[in-house]
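With positions in the sequence shown counted from 1, the corresponding number in our numbering is that position plus 411. For every residue, glycine included, the Cβ atom is placed at its ideal position computed from N, Cα and C. Notes for the one structure printed next.
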Amino acid sequence: MNKFRTPLKNVRGLGSAKSGTEHFIHQRLTATALVFLGIWFLCLVVSLVGADYVTAVETISRPWNAVLLVGLLVAMFWHAQLGLQVVLEDYIHNSLLALALQVSVKFVAVLGAIISIFAVARIVLGN
């Protein structure tokens, strides 16, 4: 009976074709954002070489620098979470372990982003 099945019929229903493209696009968008934001951040850090603490705080407190730094942090944690998700999906075959690791990675990424944004907000708000 299986010899009459087409190759398409054999693979239909195996795997999800619902969010793969969206995941791919998000990975590429965050990677592109990280390239530009990473260059900006590198220039910012180089401009602060030899500067004192007050100058560094004033530089980060400028609205555009704070916004770009928050953008860098969000893109970085999001991109890391997306990348680790792909690695876990590819190499962890125990479904319970995979679920636990996926939830842990998302939790750590969200927690890291929140803490980092909070740190930038404290610098910007002066306390």
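Residue i to residue j, Cα distance in whole Å?
i, j, result
"His-504", "Glu-433", "23 angstroms"
"Ile-450", "Tyr-502", "32 angstroms"
"Leu-604", "Glu-500", "The question about residue 604 has no answer here: the residues shown for the chain are numbered 412 through 538."
"Val-456", "Ala-532", "19 angstroms"
"Gln-513", "Gln-438", "16 angstroms"
"Glu-469", "Gly-431", "42 angstroms"
"Tyr-464", "Ile-436", "39 angstroms"
"Gly-494", "Lys-517", "11 angstroms"
"Thr-466", "Phe-452", "16 angstroms"
"Ile-526", "Ser-472", "17 angstroms"
"Val-481", "Val-497", "25 angstroms"
"Leu-522", "Ala-462", "30 angstroms"
"Ile-528", "Leu-483", "10 angstroms"
If you follow the alpha helix (DSSP H) that residue i is part of, which residue opens it and which one closes it?
i, result
"Ile-503", "Unbroken run through Ile-503: none, as it is neither H nor E."
Helix, strand or coil: how does DSSP classify residue i here?
i, result
"Leu-459", "coil"
"Arg-439", "helix"
"Gly-537", "coil"
Out of the options, which has the shortest C-alpha to C-alpha gap to residue i?
i, options, result
"Ile-534", "Leu-522, Val-478, His-490, Gly-461", "Val-478"
"Val-519", "Glu-500, Ser-506, Val-485, Gly-537", "Val-485"
"Met-487", "Ala-524, Val-460, Phe-529, Asn-476", "Ala-524"
- Check whether the stretch 505–512 touches the stretch 444–464, counting contact only when three or more Cβ pairs, one atom from each stretch, lie closer than 8 angstroms. no
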